[in-house]
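Chemist:
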Amino acid sequence: MSENKMLEDIVREVLKSMVGAPQAAGVKTAAPVPSATLCPERDYPLSQNRPELLKTPTGKTLGEITLDKVMSGEVKSEDVRITPETLRLQAEIADGVGRYQFANNLRRAAEIVAIPDARVLEIYNALRPYRSTKQELFAIAEEMEVKYSAKINAAFVREAAEVYERRNRLRAD
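Per our numbering, the sequence shown starts with residue 2, numbered consecutively.
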């Protein structure tokens, strides 16, 4: 079986477990509660209807991001990255229209934003079959949870370690 086929099978298994199944081990989430502040019909899209809620990681507002400022160098790449807060607001909108799985994806993304890009790529590579031991994956999960407060993603890494162990996809030393 090719490595790509195995990876596809693992992704399918994880996706199946996410639809209608309990949350990843150790992560408890409450049923989505409609936001007291956001109403999809009134507030979506946020950039048009609630721009005051959206800020860049450097604190700029959407109105401060203009082509002229980009061209002059006043707006840098770090000024146009998405923030965890924006992703959580989008998750509230998604919950409000019943797109709960998408909302959960946005919440996971909000956690990952805090992790440096280079580290995200290292974690991605470590999660490929046969690349890590169970202990290494558990250490990554611990790092994600403790250092970056990425509890949901940490639970998924722990779950992946267990699945890899069952399917004999861990690196053998």
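Ideal placement from N, C-alpha and C gives every residue a C-beta, glycine not left out.
Relative to the C-alpha of ARG159, which residue among ALA142, ILE66, ASP174, LYS148 is closest?
Modeler: The shortest Cα separation from ARG159 among ALA142, ILE66, ASP174, LYS148 belongs to ALA142.
Chemist: What residues in its chain sit with their C-beta under 6 Å from that of THR57, if we drop five residues either side in the sequence?
Modeler: Correct list, in chain order: ASP80.
Chemist: Just how far apart, CA to CA, sit LYS152 and ILE94?
Modeler: Their Cα atoms are separated by approximately 22 Å.
Chemist: Looking at the structure shown, is THR38 part of a helix, part of a strand, or coil, going by DSSP?
Modeler: Of the three classes helix, strand and coil, the one that applies to THR38 here is coil, per DSSP.
Chemist: For LYS56, which three-state DSSP category applies?
Modeler: Reduced to three states, the DSSP call for LYS56 is strand.
Chemist: Work out the CA separation of GLU112 and ALA104 for me, nearest whole Å.
Modeler: Taking the straight line from one Cα to the other gives about 13 Å.
Chemist: In chain order, what residues of the same chain lie with their CB nearer than 8 Å to the CB of ARG132, ignoring the 5 residues before and after it?
Modeler: Answer for ARG132: ASN126, ARG172, listed in chain order.
Chemist: How about GLY175 and LEU39: do their beta carbons lie closer than 9 Å?
Modeler: Nothing can be reported for residue 175: it is not among the residues displayed for the chain, which extend from 2 to 174.
Chemist: So what's THR62 in DSSP terms, helix, strand or just coil?
Modeler: In the structure shown, THR62 sits in a strand (DSSP, three-state: E or B).
Chemist: Around the Cβ of PRO35, are there at least 16 other Cβ atoms within 10 angstroms (buried) or fewer (exposed)?
Modeler: At PRO35, the pLDDT of 47 sits below 50, so the modelled position is not reliable; the number obtained from the coordinates is stated separately. Per the 10 Å Cβ criterion, exposed.
Chemist: Along the chain, where does the alpha helix (DSSP H) containing ASP69 start, and where does it finish?
Modeler: Run containing ASP69: 68-73, per the alpha helix (DSSP H) assignment.
Chemist: Could you spell out where the alpha helix (DSSP H) holding VAL98 opens and where it closes?
Modeler: That residue, VAL98, is in no alpha helix (DSSP H); it is neither H nor E in DSSP.
Chemist: Among ARG168, ASP44, ALA161, which one has its Cα closest to the Cα of LEU90?
Modeler: Out of ARG168, ASP44, ALA161, ASP44 has the C-alpha closest to the C-alpha of LEU90.
Chemist: By how many angstroms is the C-alpha of THR62 removed from the C-alpha of MET72?
Modeler: Each residue's alpha carbon lies about 17 Å from the other.
Chemist: Applying the 10 Å Cβ sphere with the 16-neighbour rule, what's the burial state of LEU88?
Modeler: LEU88 should be labelled buried.
Chemist: My assumption, with CB atoms under 8 Å, is that PRO130 sits in contact with ARG170. Please give the rounded CB distance.
Modeler: That belief holds up - the Cβ atoms of PRO130 and ARG170 are roughly 4 Å apart, short of 8 Å.
Chemist: Would you please state the rounded distance, in angstroms, between the beta carbons of ALA155 and GLU146? I believe it to be under 8 Å.
Modeler: About 4 Å; that satisfies the 8 Å criterion.
Chemist: Excluding the 5 residues preceding and the 5 following LEU107 in the sequence, name in chain order all residues of the same chain whose CB lies nearer than 8 Å to its CB.
Modeler: LEU88, ARG89, GLN91, ALA92, ALA95.
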